[in-house]
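Notes follow the structure.
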Amino acid sequence: MMDRAQRAAYLEALGIDVWVPRAPSSTATVRPTESADVTPACAISASPGASDGHWDALRAEVLGCTRCGLHAGRTQGVFGVGNPRAEWMVIGEAPGAEEDRRGEPFVGRAGQLLDAMLRAIGLSRAENVYIANVLKSRPPNNRDPRPEEVAACLPYLRRQIDLVRPRVLLAVGRIAAQNLLGTDESLTRLRGRVHRFGELNTPLVVTYHPAYLLRNPADKRKAWEDLKFARSVFRQLTAGVPEDGHRS
Ligand code: URA
1339 MMDRAQRAAY LEALGIDVWV PRAPSSTATV RPTESADVTP ACAISASPGA
1389 SDGHWDALRA EVLGCTRCGL HAGRTQGVFG VGNPRAEWMV IGEAPGAEED
1439 RRGEPFVGRA GQLLDAMLRA IGLSRAENVY IANVLKSRPP NNRDPRPEEV
1489 AACLPYLRRQ IDLVRPRVLL AVGRIAAQNL LGTDESLTRL RGRVHRFGEL
1539 NTPLVVTYHP AYLLRNPADK RKAWEDLKFA RSVFRQLTAG VPEDGHRS
């Protein structure tokens, strides 16, 4: 568990002011909690699929995939990283140059910021979160994914989500959010709400992409609101209280 001082240090690294906790509210609605205590967010859940051969088979399929033209220009497929039994999954867009070289999502500067954001809510790829992208192969010059590439690759992500069975999905950036939700709504409209993904109606929360935050640090504060919102959704789920689907 992260103590108050540690969390303050992470928030400072994000360039986010640390707020003083408010008195607890008497209502049971989902709001961004501002309590200084960070619940150990993720006791590891029983996620049967991720521990059996399906996971390795899926990984092998992804690494050998030639379903779209991107395979020709990649160094390697980037399957995902983290705990395949995690209760949280973070979904990004596509590997960049560094990810393509190292075979792991979010290892460049954006990845360092993502790690700091996750640490601020008690999550880490080494322990209690699984991180994957919509696309498993790097698009040239980091261009946006094309519809046919998403159509070819999204089934892999769906299977990953089915196997991990996270309690909460965090979509980082417009591309991930729009493709997971099958919408063209703007990121601004998608933030601050609990969406539902897949047959299990997994709660999905949307926030900014860390690469965007590197270019627009003033929005880190809003991203912090989103992270607290996601954490409050998770906490209410794990406390057995239904979330109301909206931030105040
Ligand atoms: N951006 C993404 O969306 N995913 C990565 O893995 C790296 C950068």
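For the sequence shown, my numbering assigns the number 1339 to the initial residue and increments by one for each residue that follows. Ideal Cβ positions, reconstructed from N, Cα and C, are used throughout, including at glycine. Bear in mind the structure is a predicted one, so any value in this text is a computation, not a measurement.
Tell whether a beta-carbon distance below 8 Å holds between residue i and residue j.
| i | j | result |
| --- | --- | --- |
| ASN1471 | GLY1430 | yes |
| VAL1488 | ASN1466 | no |
| LEU1451 | LEU1551 | yes |
| LYS1474 | VAL1400 | yes |
| ARG1397 | ALA1432 | no |
| MET1593 | LEU1352 | Residue 1593 falls outside the range modelled here, since the chain spans only 1339 to 1586, and no answer is possible. |
| VAL1445 | VAL1510 | no |
| ALA1458 | LEU1565 | yes |
Tell me the rounded alpha-carbon separation between residue i and residue j.
| i | j | result |
| --- | --- | --- |
| PRO1541 | PRO1504 | 9 Å |
| GLY1434 | THR1413 | 11 Å |
| ALA1577 | LYS1558 | 28 Å |
| ARG1369 | SER1570 | Low confidence applies to ARG1369: its pLDDT is 33, below 50, so where it sits in the model is not reliable enough to give any reading. |
| PRO1478 | ILE1513 | 16 Å |
| PRO1555 | ALA1549 | 10 Å |
| CYS1403 | GLY1415 | 8 Å |
| GLU1537 | GLY1530 | 22 Å |
| ALA1448 | HIS1392 | 30 Å |
| VAL1500 | GLY1520 | Residue 1500 is actually Asp in this sequence, not Val. In a straight line, the C-alpha of ASP1500 is about 17 Å away from that of GLY1520. |
| SER1462 | ALA1343 | 17 Å |
| ASN1539 | VAL1506 | 10 Å |
| PRO1441 | VAL1502 | At residue 1441 the sequence reads Gly, which differs from the Pro that was named. Using only the alpha carbons, I get a separation of about 20 Å. |
| ALA1346 | GLU1486 | 43 Å |
| ARG1484 | VAL1543 | 23 Å |
In the DSSP assignment, find the beta strand (DSSP E) that holds residue i and state where it starts and stops.
| i | result |
| --- | --- |
| HIS1533 | 1533-1535 |
| ALA1395 | Run containing ALA1395: none in the beta strand (DSSP E); it sits in the alpha helix (DSSP H), 1391-1401. |
| ASN1576 | In the sequence as displayed, the identity of residue 1576 is Thr instead of Asn. Here THR1576 belongs to no beta strand (DSSP E); instead the alpha helix (DSSP H) covers 1558-1576. |
| PRO1555 | Segment: none, PRO1555 is in no beta strand (DSSP E) and carries neither H nor E. |
Using a C-beta cutoff of 8 Å, does residue i count as contacting chain C?
| i | result |
| --- | --- |
| ARG1496 | This model lacks chain C altogether; it includes just one protein chain. |
The alpha helix (DSSP H) with residue i in it runs from where to where?
| i | result |
| --- | --- |
| PRO1422 | Element bounds for PRO1422: n/a, residue is neither H nor E. |
Problem set entry | 3 or more residues per run - each beta strand (DSSP E) lying fully within the stretch 1448-1486 | 1467-1471
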